[in-house]
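>
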Amino acid sequence: LCLWGHPYLNSIFLLFFFFFSLTPWVPVVGLEIHAQISSNSKLFSGSQVQFAAPPNSLVSFFDASLPGTLPVLNRRCVEAAVMTGLALNCSINKKSLFDRKHYFYADLPAGYQITQQRVPIAVNGSLSYSLCIDNKMSQMVTKTVRIKQIQLEQDSGKSLHDDVRSQTLVDLNRAGVGLMEVVMEPDMCCGEEAAAAVRELQLILQTLGSSQAVMAEGQLRVDANVSVHHPGEPYGVRTEVKNINSIRFLAKAVDYEIERQIEELESGGTILNETRAFDSKLGCTVPMRDKEGKQDYRFMPEPNLPPLILYNARSLPANMNHQQVVNIDWIHERLPDLPSVKRAKLVEQYGILPEHSFTLLNEAGLTEFFEDVIKQTQMKPKKVIGWILNDLLSYLKQHSLTVKESPVSSFLLADLLNRLEKKEISSTAAKQVFAELWKGEGKTPLEIVKEKKLQLIQDQEDLERICQAVIDGQENEVIICQCRKDGVLALPHLLGRTRSSLPGSLV
Amino acid sequence: QRCLSLIKSTKFLNAYITVAEETALKQAEESEKRYKRGQPLGVLDGIPIAVKDNFNTAGIETTCASNMLKGYISPYNATVVQKLLDQGAVLLGKTNLDEFAMGSGSTDGVFGPVRNPWSYSRQYKEKSVPKSHSEDKDSNWVITGGSSGGSAAAVSSFTCFAALGSDTGGSTRNPAAHCGVVGLKPTYGLISRHGLIPLVNSMDVPGILTRCVDDAAVVLGSLAGHDPKDSTTIQDNFKPFELSDLTDVSKLSIGIPKEYHAPGLSSEILALWSKAADLFKNAGAKVIEVSLPHTRYSIVCYHVLCTAEVASNMARFDGLEYGHRSDMNKSTESMYAATRREGFNDVVRGRILSGNYFLLKQNYENYFIKAQKVRRLIANDFVKVFGSGVDILLTPTTLSDAIPYMEFIKEDNRTRSAQDDILTQAANMAGLPAINVPTALSERGLPVGLQFIGRSFQEKQLLTVAKWFEKQVKFPMIQLDEHNGNLKQISKP
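In order, the protein sequences belong to chains A and B. Just so it is clear: in the first sequence, position 20 is 48 by my numbering, and no numbers are missing. Just so it is clear: in the second sequence, position 114 is 178 by my numbering, and no numbers are missing.
Written as structure tokens, this is what we have:
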């Protein structure tokens, strides 16, 4: 069953369907994710991997499929796939094979793609991800999706269609770049789950460094397989949804497709086993150009590549040159902390809430910023987190800035928080100082406090004198004052009066 | 220079597609300088060689005898070509072949068929009976065999000292037998295929054609060894060897596979094979009959696997990045289709269609997988025989001597290939080294050779035995008018 509270309109319609359908529908969502491997050179050739280089400037003879050229496997790509497989709890196949997948297309120079269809490098893993119920960030639930397999394969080039001149322009820079295809079983049930799973995968890949996984740069591509059925009945016909360019669009596309299929079936129609493209402008899926019949890729073993053999500590032959082999155990020992572990450590170390740890990890550089501030301040982490998430982050979001681009450095924020901790300023004043710091004019918190006269009055006598003045202005009221060492506690209505006589300081 | 002029005077053989006169003369000049300084790069320095036109040669056209690659100038040298050049060898030119190495006659390339130099030899002319007065002497010429016919003819006619061919089903050994030269197929994985335009990646090897076994050993020594650019080459360090003169063959065990007494084997060759076996026996070697029971399935198996790989390897020829591109530009698909129809001959297209058929999902299990299994059985036949103590196998190379072109073309390429590959192609299935040694002249005055098949990576043993045999049979030298008695001068220094 799915979780509700999705803010988009689509989900409201979905809600209606669920409530008013004759029988409930169970949506089923699986994902095929292609992650570009972060490596210096391509999977089978030595040409460079680089985003946005001049067209056809990173193409080796092999990438251009010049006759007589042969593939040579890139070790770094194998290591990246093993790392990813281990991080996703997969079994790593000590022997995996390469195959050719044939089809004709302008961006596939050899007329076939080298992939791993028979025996991929990693199988049978799982990925845990979390969702918040009710969009309130107050309750998180953990789900798991099974990973069917991870396979190594070549990326294709890019083709750009110029309809004006009826021609197609082909750029082979991307042809041959290494990809990891991660197949997620249809264990998800809606756009939100798909999005959360992909987000978590993205974080894992970025933590491992095996892929930079930036969707906008095409380093992470997601295709969704969607079907619906009645509970207890077999799975329905599924469609494949492509052309999804962001995680947000992934959720939208999946939910739209679920709704479309339900509508279609309820009105007596059928679902075609087809490929559909997501149109982000219209927010819907449309059938892609019809391929006559089903594609037969005529898979054949790649004869130019021997089976890929991986070793572990036990199976590693004594006289083997370790430069020539990939040792699974060696890689396992060097895996960095995965996001789930990092989050748990943050919660334990700093006493913050689990949902806080999610937000920290979700924003590039935010955890480091938070920890930098902690180091430089006496304020408790439980309080600091509020400033990070409510103030810093919301300002960043408002101005579409990354943590790196923040005009307020961790040093400045720590300084500000220290003053707040020492009660040099009130929390309202601190917010004002923060707003000033945000302008990035180079002033320190102290300078701003002085400038705007935001400092809390510590002097007992000063405070008494001011209070007296206010009280004197209130003849017929009964006033209760309580003088304390650190300030004066007065009744709210008086507070207002007092406040107005004291520029900016909080009593 | 003499080689170049001989090439010109034997142009009617059509052995060369491209003659690289300028670069060859330059290379020869530089070689001479090195010799004068006393610093030759190696044994091959200055030696004129020819290379089959399916090897990439930088700056020199590589056509594979196909319209698809007419005018194609590769930007890189095949590893074997580079190795030869690094040794100082002089590259005379690119030799003719069947289109994309598909064929057993060297008759189906776009530059026309190659003529066997022996057609013009005194030995053949003396023996041949003209059918009628009016018959053009020229029409009686015989084929070279294939697909490395150009390379074989080039070596045979003394226009070069060694040539590179390729061997997928017998394409080096077959023309070697018909042209009376030594044709060596090395073990799969010993010599790099980087830069050899592939026919069947899992069976192709670069082949070596020379006039004597010692030469073949020399060339092998400069070519063999691991190439990081070819992941199917073995990692072990290869040590070039010099062939010793075998005096005592009593420790040898020669196997005679009975299945190689194939239907269609000429009585002449059968007799020659028998004589050769006796030769070994009389010299003290152990000669025993052995069995390779799956031999009769190898042709069909080969056809399935070969066409499947061909279909895959030819997929890259779409006219986009290089090679012929059709003027048809209504759509990408139509451009592809027209380009491939215009660029490939019927033989190539036929194999592509068959191959794609075998690779279809519904057929894959029944054809491709089955053929792979049969291939394993064929390979195991050899393992068993070699494991039982046999050192070398002795078989015929071809079913008969070279037949006239006019007769050859009466049957289509596929039929001919099926017939002619039968004795050579099992060695490709099993990846074993094999060599053709010219043995004697047939009744028609044409060369006949016999084949030795050895154990994996045991080229030294194979060539040693071959050399001994070569010495025993004393195969005669070709007598061509074009040589005008100048052969002694052209011979190896």
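All C-beta atoms in this analysis are idealised placements derived from N, C-alpha and C, irrespective of residue type, glycine included. Just so you know, these numbers come straight off a predicted model, no measurement behind them.
When you compare only the Cα positions, how much space is there between S73 of chain B and F222 of chain B?
As a position in the second sequence, residue 73 of chain B is number 9, starting the count at 1. As a position in the second sequence, residue 222 of chain B is number 158, starting the count at 1. Answer to the nearest angstrom: the Cα atoms are 12 Å apart.
> According to DSSP, what are the bridge partners of A305 of chain A?
On the first sequence, position 277 is the one that residue 305 of chain A refers to. For A305 of chain A, which the question treats as bridged, DSSP gives the partners A:K270 and A:V314.
> For S73 of chain A and N102 of chain A, what's the separation of their Cα atoms in angstroms?
Here residue 73 of chain A is taken as the residue at index 45 of the first sequence, counted from 1. Here residue 102 of chain A is taken as the residue at index 74 of the first sequence, counted from 1. Those two C-alpha atoms are separated by around 7 Å.
> Which of the residues in the stretch 73–101 of chain A, read from start to end, lie with their CB under 8 Å from any CB of chain B?
F89, A92, S93, L94, P95, G96, T97, L98, P99, V100 and L101
> So within the stretch 361–389 of chain B, which uninterrupted alpha helix (DSSP H) runs reach at least 4 residues, ignoring any that extend past its ends?
Counting only runs of 4 or more, we get 362–377.
> Where does the unbroken alpha helix (DSSP H) through Q436 of chain B begin, and where does it stop?
Residue numbering aside, residue 436 of chain B sits at position 372 when the second sequence is read from its first letter. Unbroken alpha helix (DSSP H) run through Q436 of chain B: K434 to G451.
> What do you reckon, are the CB atoms on D445 of chain B and G233 of chain B nearer than 7 Å?
Taking the second sequence and counting its residues from 1, one reaches residue 445 of chain B at position 381. Taking the second sequence and counting its residues from 1, one reaches residue 233 of chain B at position 169. Result no, Cβ atoms of D445 of chain B and G233 of chain B do not sit closer than 7 Å.
> Identify the continuous alpha helix (DSSP H) that holds V145 of chain B and give its terminal residues.
Reading the second sequence from its first residue, position 81 is the one you call residue 145 of chain B. Element bounds for V145 of chain B: T143 to D150.
> Kindly list, in the order they appear in chain B, the residues whose Cβ is closer than 8 Å to that of L180 of chain A.
What you label residue 180 of chain A is simply residue 152 of the first sequence in a count that begins at 1. Under the 8 Å cutoff, chain B gives no residues; its nearest Cβ is about 14 Å from L180 of chain A.
> Hey, could you find the ends of the alpha helix (DSSP H) K425 of chain A is sitting in?
Here residue 425 of chain A refers to the residue found at position 397 when the first sequence is read from its first residue. Element bounds for K425 of chain A: L421 to Q426.
> Is it buried or exposed for Y263 of chain A, if we count other Cβ within 10 angstroms and need 16 for buried?
Locating residue 263 of chain A in the first sequence gives position 235, counting from the first residue. Result: exposed.
> Should E373 of chain B be labelled buried (16 or more other beta-carbon atoms within 10 Å of its own) or exposed?
Within the second sequence, the letter at position 309 stands for residue 373 of chain B. With 16 or more Cβ atoms within 10 Å of its Cβ, E373 of chain B is classed as buried.
> Cα-Cα, which of A:L114, A:A81 and A:L200 is closest to A92 of chain A?
For the purposes of this step, residue 92 of chain A is taken as the residue at position 64 of the first sequence. Cα-wise, what sits closest to A92 of chain A is A:L200.
> Using the beta-carbon count (16 or more within 10 Å), is Q65 of chain B buried or exposed?
Within the second sequence, numbered from 1, the residue matching residue 65 of chain B stands at position 1. With fewer than 16 other Cβ atoms within 10 Å, it is exposed.
> So, with DSSP's three-state summary, where would you put N332 of chain A?
Counting from one through the first sequence, the residue named residue 332 of chain A turns up at place 304. Of the three classes helix, strand and coil, the one that applies to N332 of chain A here is coil, per DSSP.
> What residue does the beta strand (DSSP E) around Y80 of chain B start on, and which one ends it?
To locate residue 80 of chain B, count along the second sequence from 1; it is residue 16. Segment Y80 to V83, the beta strand (DSSP E) holding Y80 of chain B.
> Quick check on R342 of chain A: buried or exposed, where buried means 16 or more other Cβ atoms within 10 Å of its Cβ?
Taking the first sequence and counting its residues from 1, the one referred to as residue 342 of chain A is at position 314. Exposed, since its Cβ has fewer than 16 Cβ neighbours within 10 Å.
> Just the chain B side, please: which residues come within less than 7 Å of P334 of chain A by C-beta, in chain order?
Within the first sequence, residue 334 of chain A is the residue found at index 306, counting from 1. The answer, in chain order, is S295 and T296.
> Of the choices B:S286, B:A114 and B:N346, whose alpha-carbon is the least far from that of D312 of chain B?
Here the question's residue 312 of chain B lines up with position 248 in the second sequence. Considering only alpha carbons, the answer is B:N346.
> Which two residues bound the contiguous alpha helix (DSSP H) that contains G393 of chain A?
Your numbering for residue 393 of chain A matches position 365 in the first sequence. Element bounds for G393 of chain A: n/a, residue is neither H nor E.
> Is there at least one non-hydrogen atom of the ligand MN closer than 6 Å to the beta-carbon of L155 of chain A?
With respect to small molecules bound, the structure shown includes none, and the ligand MN cannot be examined in it.
> Between the stretch 139–159 of chain A and chain B, which residues of the former have CB atoms less than 9 Å from a CB of the latter, in chain order?
Look at the stretch 139–159 of chain A: the residues with a C-beta under 9 Å from a C-beta of chain B are G139 and Y140.
> Alpha carbon to alpha carbon, what distance is there between I137 of chain B and A153 of chain B?
Numbered from its first residue, the second sequence carries residue 153 of chain B at position 89. Numbered from its first residue, the second sequence carries residue 137 of chain B at position 73. Straight-line Cα distance between these residues: approximately 21 Å.
> Report all residues from its chain with a CB closer than 7 Å to the CB of G173 of chain B; omit the five preceding and five following residues, and keep chain order.
Along the second sequence, one-based indexing puts residue 173 of chain B at 109. So the list reads A129, N160, L161, D162 and E163, once near-sequence residues are dropped.
> Could you give the first and the last residue of the continuous beta strand (DSSP E) run that contains D251 of chain A?
In the first sequence, the residue the question calls residue 251 of chain A occupies position 223. Unbroken beta strand (DSSP E) run through D251 of chain A: L248 to H257.
> Please report the distance separating the alpha-carbon of D279 of chain B from that of P239 of chain B.
Residue mapping note: residue 279 of chain B aligns to position 215 of the second sequence, counting from 1. Residue mapping note: residue 239 of chain B aligns to position 175 of the second sequence, counting from 1. Going by the C-alpha atoms only, they are around 17 Å apart.
> Would S198 of chain B pass as an interface residue toward chain A - the criterion being a Cβ-Cβ separation below 7 Å?
Mapped onto the second sequence, residue 198 of chain B falls at position 134. In this prediction, S198 of chain B scores a pLDDT of 47, lower than 50, which makes its location untrustworthy; the coordinate-derived value is nonetheless stated afterwards. Chain A contact via Cβ: absent.
> Consider the Cβ of L260 of chain B: report whether some Cβ of chain A lies at a distance smaller than 7 Å.
Residue mapping note: residue 260 of chain B aligns to position 196 of the second sequence, counting from 1. Closer than 7 Å: yes.
> Closer than 8 Å by C-beta to D294 of chain B: which residues in its own chain qualify, once you throw out the five before and the five after it? Chain order, please.
Translated into positions along the second sequence, residue 294 of chain B becomes position 230. Excluding sequence positions up to five before and after D294 of chain B, its CB lies within less than 8 Å of the CB of T143, S256, R257 and H258, all in the same chain and listed in chain order.
> Checking contacts by CB at 7 Å: is F132 of chain A closer than that to chain B?
Sequence index remark: in the first sequence, residue 132 of chain A carries index 104 (1-based). F132 of chain A counts as touching chain B.
> Taking C-beta pairs closer than 7 Å, name the residues in chain D that E373 of chain B reaches, listed in chain order.
Absent here is chain D; the protein component of the structure consists of chains A and B.
> With DSSP collapsed to three states, give me the class of A114 of chain B.
Locating residue 114 of chain B in the second sequence gives position 50, counting from the first residue. Residue state, collapsed to three classes: strand.
> Quick check on the DSSP output: the alpha helix (DSSP H) that includes G285 of chain B runs from which residue to which?
Here residue 285 of chain B corresponds to residue number 221 of the second sequence, with the count starting at 1. Counting along the chain, the alpha helix (DSSP H) containing G285 of chain B begins and ends at V277 to L287.
> Anything in the stretch 196–208 of chain A with a Cβ closer than 9 Å to a Cβ of chain B? List those residues in chain order, please.
Within the stretch 196–208 of chain A, T196, V198 and L200 place their CB atoms closer than 9 Å to a CB of chain B, listed in sequence order.
> To the nearest angstrom, report how far apart H547 of chain B and L70 of chain B are at their CA atoms.
Numbered from 1 along the second sequence, position 483 holds the residue referred to as residue 547 of chain B. Numbered from 1 along the second sequence, position 6 holds the residue referred to as residue 70 of chain B. Distance between the alpha carbons of H547 of chain B and L70 of chain B is about 8 Å.
> If you follow the alpha helix (DSSP H) that S398 of chain B is in, where does it begin and where does it stop?
Here the question's residue 398 of chain B lines up with position 334 in the second sequence. Element bounds for S398 of chain B: T396 to G407.
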